[in-house]
Amino acid sequence: MTKEAARRARGGDPPRARDIYADTTAKIIAGLEQGCAPWVQPWDSSVCAGPGLPVNALTRRRYSGMNILLLWGAAIAGGFASQSWLTFKQAIEAGGHVRKGEKGTTVVFADRFIPEVEKARAAQTGEDARAIPFLKTYTLFNLAQCEGLHPGLGEGPVPLPPREIIPHAEALIVATGADFRIGGDKAYYAPGPDYIQVPPQSAFREQINYYRTCFHELGHYAELRVMPHGLSEW
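Letter 163 of the sequence shown, counting from 1, is numbered 162 in numbering that gives the first Met the number 0, and no numbers are missing.
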């Protein structure tokens with residue numbers, strides 16, 4: 000055990016941001032080395048049919064950023080069928096407990112706050128208050144690592160993000176005259192029947208990626224019209 004790890008184990012100072020990022024990066028690299036890269040597609044197959052995004056079993060809020068990768072990797076490594084997670088305290092609040100001997104998964108939370116003294120300084124000088132960034136870690140456990148939880152906890156669909164329409168993008172898609180078909184869990188251009196298939200926009204983790212995917216498939220659609228001889232001559 001390193002001196003830094005031993006200090007943390009004794010309840011010393013909280014880990015620095017550099018340590019958190021280093022630990023997180025190491026876990027992601029380890030997952031890649033094992034051939035685990037479930038983040039390669041920008042949409043959530045659970046909206047169509049699939050494993051889905053990690054969520055908090057009590058609040059039903061989706062985890063985001065690097066936490067998605069960490070929790071996906073932990074679920075795969077542990078063989079967990081569920082993508083619902085709880086803190087140790089939440090498991091107790093849900094009527095159960097974490098099974099003895101289970102190892103949790105560390106995730107991170109980043110935000111900013113404005114100290115009261117900074118608010119007072121800004122009020123006196125008329126300047127904008129400066130926010131201080133902070134980063135902290137906490138530990139989650141998969142539902143499969145818990146016992147005695149309330150029946151039905153973590154079940155049911157997660158509320159989908161609202162559709163974010165970009166008028167200019169929508170107008171461009173319509174102007175192409177392409178046959179767009181919305182549905183399923185795959186994105187592709189079918190040259191024979193000449194149509195484009197994309198998952199519903201609500202399935203995309205970041206809504207802008209819906210339009211990115213549409214325009215990517217439009218590139219294949221345009222290739223047969225604008226570049227009928229293919230890309231080999233370019």
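A virtual CB, placed ideally from N, CA and C, is assigned to each residue, including glycine.
The count of Cβ pairs closer than 8 Å, one atom from the stretch 183 to 195 and one from the stretch 217 to 226, reaches three, so the stretches are in contact. Here Val54 is buried. Its C-beta has 16 or more other C-beta atoms within 10 Å. The C-alpha of Phe133 lies about 25 Å from the C-alpha of Arg204. For Lys135, the secondary structure class from DSSP, reduced to helix, strand or coil, is strand. In the three-state scheme derived from DSSP, where H, G and I count as helix and E and B as strand, Ser83 is classed as strand.
For Asp110, DSSP records a beta bridge to Phe133. Sorting Thr212, Ser81, Ala93 and Thr138 by C-alpha distance to the C-alpha of Leu148 places Ala93 at the top. Inter-residue distance for Ala74 and Ala109 is about 22 Å (C-alpha atoms, whole angstroms). Pairing Ala121 with Tyr62, the inter-Cα distance amounts to about 34 Å.
Here Leu68 is not near Thr104, since their CB atoms are 8 Å or more apart. In the same chain as Phe87, and ignoring 5 residues on each side of it, the C-beta atoms closer than 6 Å to its own belong to Val97, in chain order. The distance from the Cβ of Glu146 to that of Gly95 is about 5 Å, consistent with a contact at the 8 Å cut-off.
Residue nearest to Thr138 within the set Gly151, Gly182 and Trp84 is Trp84 (criterion: CA-CA distance).
DSSP places Arg211 in the helix class (H, G or I) of the three-state scheme. The alpha carbon of Ile91 has as its nearest neighbour, out of Gly77, Lys135, Glu117 and Leu152, the alpha carbon of Leu152.
The criterion of a C-beta distance shorter than 8 Å is not satisfied by Tyr210 and Ala170.
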